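Enquirer:
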Amino acid sequence: MQITDTLARPSAARIPWLTIGVWGGLAILVLVAYVRAPQATTAVLTSTIRQSTPIILGALAGIMCERSGVINIGIEGMMLICAFLGFLFNVWTGDLILATMGALLVGAAVGAFHALMSITLKVDQIIAGTVINILAVGLTGYFYQQGLTTRGKFSPVSIPVLADIPIIGPVFFSNPPITYASLILIVVIHVLLFRTAWGLRTRAVGEHPAAADTVGIAVNRVRYINVIIGGMLAGLAGAFLTLESVGSFERNMTNGRGFVSLAVMIFGKWTPFGAWGGSLLFGFANAMQSQIQFLKNQLPSWLAWIGDLPPQFIGMLPYVLTIAVLAGFVGRARPPAAIGKVYEKE
Amino acid sequence: MKRSVSLIILLLVAALIAACGGQQAGGATPTAAPATGATPAPARPTEADCPKPEVLCVGLVTDVGEIDDKSFNQSAWEGVKRAEAELGAIVNYVETKDAKDYDANIALFTEKGYDVIVTVGFALGEATAKAAKENPNVKFIGVDQFQAEEIPNVAGLIFAEDKAGFLAGVLAAGMSKSNKIAAVLGTNLVPPVVAFKEGYENGAKYLKPDIQVISTYHPGGLDTAFTDPKWGADQAKLAIDQGADVIFGAGGKTGNGALIETAANADKGVYCIGVDTDQWETVPEARPCLISSAMKLITPGVFDLIKKAQEGNFPSGNYVGEVGLAPFHDFEDKIPAELKAKIAEVDKGLRDGSISTGYKP
């Protein structure tokens, strides 16, 4: 009885009226903005999706790990390693699909490494993640050579008919492949976690491993597989950076996006759609931060003071918004009960 | 079990230290003096001879970043290497990994008796001034370091970035069909970046008074503002999506991200303009859109100052180096002759002072 109760709480079963209200309000705002400035509005929304993609992929990686009870603060490092090796595969093969596959494989390997440390070797999971982060900065920085050039990056693929719908078309249906993949993965992982036996087992292992064990679930095997899947998702986020967004590598180019992913995961209460909302909010705030600077000279006189704010101040916008929403709307975020605890049979 | 865990962590840490250590050692090792043909001349002086007055030793301290950054550090280093080739100087560099190491890295050279130390970047200004006061016999060349007060043994190699930006602005306005152009910039905490921006906007408006210029500064601090290509790419896309058709990328790797993104959209008829060095050479990925670069001629500036130091007429205070537009390369034919004439005319006007960039530091 108690187990079913704890399992039910973090699921997405209840109708989130507040979330619907917030997003509905935003949708109306977008429509008003679109009527006034269609091109700029579409550009900001496209940028929102683009800037949220690595964040949501990282957050999905975190969800897979933490739902099964393994803390993963190494997402930043996993992203960086996979971004780097994905870039190298692209330099060597010149084939973007192969390079993405390579990044996924590397992600699986780094995920397995994290699982090995935190499950089999029982290293403190925070330390294991930190080791990955530090290793990533050190190794990629050491092995990266300047002057490597690639033959390009993924270009957007427009989906016929759908791409012609105003606003929604260019924003959702005219993206490069990894962005489409991330949108699909949000749904896939939601279904996986909340509608399949595997998801039930994952959550059981994350909430009450002893109980899961008594009904015959191989706790550590489930954890291993989930952490490896998480590593692959982080790998896809890394591939996004070097193969789709930038087209080349730069030392420490993740720039804290892996840590933002973790915040977004908590923001979304460990659910894929919640995390997506969080990363969209973050991406939107980032896009607005630039748009405010772009529009500096066209703001109406009563808003002119915004244009005079230093960019660093406006740059706080994403973080302030995140804190405000976390404090004001999200309420208490409760992690899976068995998170960070090594499971040992009694 | 406990033991094997500690062993693994120990190994990892060891690997990491080896990785970091290897890199630093690579930077600090003296560049081997090349064997000069078959002439059995007396052995070339080595770094150990630096304290001797007749041996010219030039050390370079990079800003946070690498010597081969395809930009600032690299251009300055090329000036130093020219001093090696033409003046027979002994040269070496050290790469700064963290802003708090500036003092220590400069000291690496002062301790060995180097005669000239080049410090690259605005951010090293304070550390340079401090080291110069402690080592009055060493000449310091501070690339991009404006000297508010004159120190006898420091020459700040500065550039009129507003003029380079102004020329880029004229070019951008001349090439724009949508009458909307953009700039993706490093941080406004660095005055030269602000100068580039103001010059660019005023140059564009000089040619087309009704043109719309949208520009954006990176909101981060000095540690991230120039090394965030993803941010740069995102801004370029955001600007292109709302109709900007010439993008000026001015901000190290961040700006390079904007150039490469613009190149990916080159089929939409958008152009990009690079900064600091001729980015046709440094960022080949940007070639599909790169019409020119707003250049600071750092290499000749550094070399001239080293030469002056050797000749004993080292200038102190601010030394203004040359700026200009890089060649148009593949776009030579696509840039109208009238526009080229106009740019030449503006360049002349900027030099003789008949045109003002409107930028006030």
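Protein sequence lines correspond, in order, to chains A and B.
Counting from 3, one number per residue, gives the positions in the first sequence under the numbering used here.
Counting from 830, one number per residue, gives the positions in the second sequence under the numbering used here.
Don't be surprised by glycine CBs; every beta carbon is placed ideally from N, CA and C.
Predicted, not measured: the structure shown is a model, and the values here were computed from it.
Output yes if chain B places a C-beta closer than 8 Å to the C-beta of A/T48; else output no.
Expert: Yes, its Cβ sits closer than 8 Å to a Cβ of chain B.
Enquirer: Assuming A/E209 contacts A/A340 (C-beta within less than 8 Å), just tell me the rounded distance between them.
Expert: 6 Å
Enquirer: Residue range of the beta strand (DSSP E) that A/V217 falls in?
Expert: Careful: A/V217 lies outside any beta strand (DSSP E) and carries neither H nor E.
Enquirer: Can you check DSSP and say which residues form a bridge with B/C1101?
Expert: B/I1076 and B/L1119
Enquirer: Contact defined as beta carbons within less than 8 Å: I believe B/I1089 pairs with B/V1112. What is the distance between those atoms, to the nearest angstrom?
Expert: 7 Å
Enquirer: I want to verify the contact list: residues of chain A whose CB lies under 7 Å from the CB of B/I1127, in sequence order.
Expert: In chain A, no part has a C-beta under 7 Å from the C-beta of B/I1127; the shortest such distance is about 17 Å.
Enquirer: Report all residues from its chain with a CB closer than 7 Å to the CB of A/N288; omit the five preceding and five following residues, and keep chain order.
Expert: Q53 and P320
Enquirer: What is the DSSP secondary structure of A/I341, reduced to helix, strand or coil?
Expert: coil
Enquirer: Count the other CB atoms within 10 Å of the CB of A/G249; is the residue buried (16 or more) or exposed (fewer)?
Expert: buried
Enquirer: For A/L59 and A/S184, I'd like the C-alpha separation in whole angstroms.
Expert: 6 Å
Enquirer: Output needed for B/N964: all residues of its chain with C-beta closer than 6 Å, excluding positions within five of it in sequence on either side, in chain order.
Expert: Excluding five sequence positions before and after B/N964, the CB atoms of its chain that fall closer than 6 Å to its own CB belong to T939, given in chain order.
Enquirer: What residue does the beta strand (DSSP E) around B/L889 start on, and which one ends it?
Expert: C886 to V893
Enquirer: How would you call B/K1177, buried or exposed, if buried means at least 16 neighbouring beta carbons within 10 angstroms?
Expert: exposed
Enquirer: Check the Cβ-Cβ distances between B/G1062 and every residue of chain A, and say whether any is below 8 Å.
Expert: Per the sequence presented here, residue 1062 of chain B reads as Ala, with Gly not at that position. Yes - at least one Cβ of chain A is within 8 Å of the one on B/A1062.
Enquirer: Would B/G1146 and B/L1126 qualify as a contact pair, given that the criterion is a beta-carbon distance under 8 Å?
Expert: no
Enquirer: Which residue comes first and which comes last in the beta strand (DSSP E) that contains B/L1014?
Expert: K1009 to L1014
Enquirer: Skipping 5 residues on each side, what residues in its chain have a beta carbon closer than 7 Å to that of B/V1131?
Expert: A905, G908, V909, V947, I970, V972 and L986
Enquirer: When we look at the beta-carbon of A/G270 and count the other beta-carbons within 10 Å, is it buried (16 or more) or exposed?
Expert: buried
Enquirer: Looking at chain A, which residues of the region 1033-1063 of chain B have a Cβ within less than 9 Å of any of its Cβ atoms?
Expert: Q1041, V1042, I1043, S1044, T1045, Y1046, H1047, P1048, G1049, G1050, T1053, T1056, D1057, P1058, K1059, W1060, G1061, A1062 and D1063
Enquirer: Can you list, in chain order, the residues of the region 875-907 of chain B whose Cβ is nearer than 8 Å to any Cβ on chain A?
Expert: Per Cβ criterion, the list reads E895, D897, D898 and K899.
Enquirer: To the nearest whole angstrom, what separates the beta carbons of A/E78 and A/G260, a pair I think is in contact under 8 Å?
Expert: 3 Å
Enquirer: So if I threshold CB-CB distances at 8 Å, which residues from the region 222-256 of chain A count as touching chain B?
Expert: L243, S247, V248, G249, S250, E252, R253, N254 and M255
Enquirer: Okay, do the region 64-74 of chain A and the region 222-237 of chain A touch, 3+ Cβ pairs below 8 Å being the bar?
Expert: With contact defined as three or more Cβ pairs closer than 8 Å, the region 64-74 of chain A and the region 222-237 of chain A are in contact.
Enquirer: Residues of the region 175-191 of chain A with a CB closer than 8 Å to any CB of chain B: list them in chain order, please.
Expert: none
Enquirer: Return the CA-CA distance between A/Q295 and A/A306, expressed in angstroms with no decimal places.
Expert: 11 Å
Enquirer: Could you check the C-alpha separation between B/K1227 and B/G998 for me, to the nearest Å?
Expert: Lying outside 830 to 1190, the shown extent of chain B, residue 1227 of chain B is not represented and no answer is given.
Enquirer: Return yes when the Cβ of A/G113 is within less than 8 Å of the Cβ of A/A101, no when it is not.
Expert: Remark: C-beta atoms of A/A101 and A/G113 do not approach each other more closely than 8 Å.
Enquirer: Once DSSP output is grouped into helix, strand and coil, what is the label at A/S281?
Expert: helix
Enquirer: Alpha carbon to alpha carbon, what distance is there between B/A1115 and B/A993?
Expert: Rounded to the nearest whole angstrom, the CA to CA distance from B/A993 to B/A1115 is 20 Å.
Enquirer: Helix, strand or coil: how does DSSP classify B/N902 here?
Expert: It is helical.
Enquirer: Flag this pair as touching only if the region 274-293 of chain A and the region 310-324 of chain A have three or more C-beta atom pairs under 8 Å; answer yes or no.
Expert: yes
Enquirer: Closest to A/I121 by CA distance: which of A/G71, A/C84 and A/A61 is it?
Expert: A/G71
Enquirer: Do B/G1072 and B/K1009 count as a contact pair if the criterion is CB distance below 8 Å?
Expert: yes
Enquirer: For B/A1054, which residues of its own chain have a beta-carbon under 6 Å away from its beta-carbon, when the five flanking residues on both sides are left out?
Expert: If you ignore the 5 residues before and after B/A1054, its C-beta comes within less than 6 Å of the C-beta of G1015, T1016 and H1047, all in its own chain and listed in chain order.
Enquirer: Would you please state the rounded distance, in angstroms, between the beta carbons of B/A956 and B/Y931? I believe it to be under 8 Å.
Expert: Contact check for B/A956 and B/Y931: beta-carbon distance about 4 Å, within the 8 Å limit, so the pair qualifies.
Enquirer: Start and end of the alpha helix (DSSP H) containing A/Q127?
Expert: Q127 to F145
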